[in-house]
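Undergrad: Here the sequence shown stands for residues 0 to 283, numbered as in numbering that gives the first Met the number 0.
Note that beta-carbon positions come from the ideal geometry of N, C-alpha and C, so glycine has one too.
Can you keep this structure in mind? I'll have questions shortly.
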Amino acid sequence: MPTADEIRAAVSAAYAGRVRPVLERAESDDVIPLVDVGSCCEPAPAASSCCGEAAPAADDPVITRIAELYRDAAIEDLPSTVTDVAFGCGNPTAIAALEPGQVVLDLGSGGGIDCFLAAKMVGPSGRVYGVDMTPEMVRLARANAEKIGAANVEFRLGEIEHLPIPDESIDVVISNCVINLSPDKAQVFREAFRVLKPGGRLQVSDIVWTRPVPDEVRSDMEKWAGCIAGALLESEYLDHIRAAGFVDVQSVASEYPGGKGIASANVTARKPAPGEAAGCCVCC
Ligand SMILES: C[S@@+](CC[C@H](N)C(=O)[O-])C[C@H]1O[C@@H](n2cnc3c(N)ncnc32)[C@H](O)[C@@H]1O
0 MPTADEIRAA
10 VSAAYAGRVR
20 PVLERAESDD
30 VIPLVDVGSC
40 CEPAPAASSC
50 CGEAAPAADD
60 PVITRIAELY
70 RDAAIEDLPS
80 TVTDVAFGCG
90 NPTAIAALEP
100 GQVVLDLGSG
110 GGIDCFLAAK
120 MVGPSGRVYG
130 VDMTPEMVRL
140 ARANAEKIGA
150 ANVEFRLGEI
160 EHLPIPDESI
170 DVVISNCVIN
180 LSPDKAQVFR
190 EAFRVLKPGG
200 RLQVSDIVWT
210 RPVPDEVRSD
220 MEKWAGCIAG
230 ALLESEYLDH
240 IRAAGFVDVQ
250 SVASEYPGGK
260 GIASANVTAR
270 KPAPGEAAGC
280 CVCC
């Protein structure tokens, strides 16, 4: 098995490679109008797709194309240097029900799509932080923020296992198709718990397995970067969240047709409020 550092390096290199042409475009200010772009689950090429070879066929009615994922969000206002690198598998801002004035953190913010949507929802009195370990992604997200004029969004370079964010400073943690890429999911959820204010919420979209992951898939680094090899069984994923201390842990998973047990899950959880009993493994 590759080490945690090897996994992070391979994942970061894969996403740096995917984002470089868009970064060049963003930095040259040559903005191309919004086109019908793929999402993380676009079927080809397998190595550069979030969902790898097991992604659904292009004509599949439930394919998570970007326009469909974000059908209720105002993505038409966003430049193509944001939407062309939207590699998510859900729309966590849609499930987050954000309110004006809230402080939001996006784990693995990529080109910034969910941060920019969250920024509109929390308004000028709120603030959004995006953390990503790939320098090219952070550069692109910062260039996008400048282009959009999103003054209440800040992108920080860092690992989601070691968040560059103070304790109890965040109202809502969101994330879109990222935690499956981490070699230490338990640590990611502990960090999310640490930075959330008491009563704060975790609302993430991610890839999970609905049946055991085949051994040959687990150790395949290309499939790790493609959001397949690192993804957990849905029940294990939720157990890690409860073990970090969260309560009210809920998941709605939709299996990709032909995905051989791969599903996109919308997961919600809450950090207990002061005086409320914590999740199972904190108190006992
Ligand atoms: C599939 S993309 C999703 C990006 C964004 N959330 C979106 O919906 O477009 C995964 C992103 O997570 C970042 N990432 C993966 N593992 C990470 C880790 N351990 N720490 C920080 N960022 C990570 C990658 O650099 C990449 O930008």
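1) Please find out if some non-hydrogen atom of ligand 1 comes closer than 6 Å to the beta-carbon of Glu158.
2) Identify the continuous alpha helix (DSSP H) that holds Ala9 and give its terminal residues.
3) Sorry if obvious, but does the Cβ on Gly111 come closer than 6 Å to a heavy atom of ligand 1?
4) Alpha carbons only, please: which of Ile173, Gly125, Pro165 is nearest the one belonging to Asn151?
5) Quick one: grab the DSSP three-state call for Leu237.
6) Output the boundary residues of the beta strand (DSSP E) element that contains Lys222.
7) State the Cα-Cα distance for the pair Asn298 and Ala243, rounded to the nearest angstrom.
8) Return the first residue and the last residue of the beta strand (DSSP E) that Phe188 is part of.
9) Let me know if Asp170 comes out buried or exposed under the rule of 16 or more other beta-carbons within 10 Å of its beta-carbon.
10) Measuring CA to CA, which of Pro271, Asn143, Gly111 is closest to Pro197?
11) With DSSP as the reference, identify every bridge partner of Thr267, one or two as the case may be.
12) In this structure, does DSSP put Ala272 in helix, strand or coil?
13) Ligand 1 heavy atoms versus the CB of Tyr14: any closer than 6 Å?
14) Pop quiz: Leu139 and Val18 are said to be a contact at Cβ under 8 Å. What is the actual Cβ separation, rounded to whole angstroms?
15) Is Phe86 near ligand 1 - that is, is its Cβ less than 6 Å away from at least one heavy atom of it?
16) Between the Cα of Val187 and those of Glu233, Gly229, Pro78, His239, spot the shortest distance and give me the residue it belongs to.
17) Compare the C-alpha of Trp208 against each of Ile164, Glu190, Pro256 and name the closest.
18) In whole angstroms, what separates the C-alpha of Val102 from that of Ser263?
TA: The relevant details are as follows:
1) yes
2) 3 to 27
3) no
4) Gly125
5) helix
6) That residue, Lys222, is in no beta strand (DSSP E); its alpha helix (DSSP H) goes 220 to 224.
7) There is no way to answer for residue 298, as the model of the chain reaches only from 0 to 283.
8) Counting along the chain, Phe188 falls outside any beta strand (DSSP E), though it belongs to the alpha helix (DSSP H) covering 184 to 194.
9) buried
10) Pro271
11) Gln202, Gln249
12) coil
13) yes
14) 6 Å
15) yes
16) His239
17) Pro256
18) 26 Å
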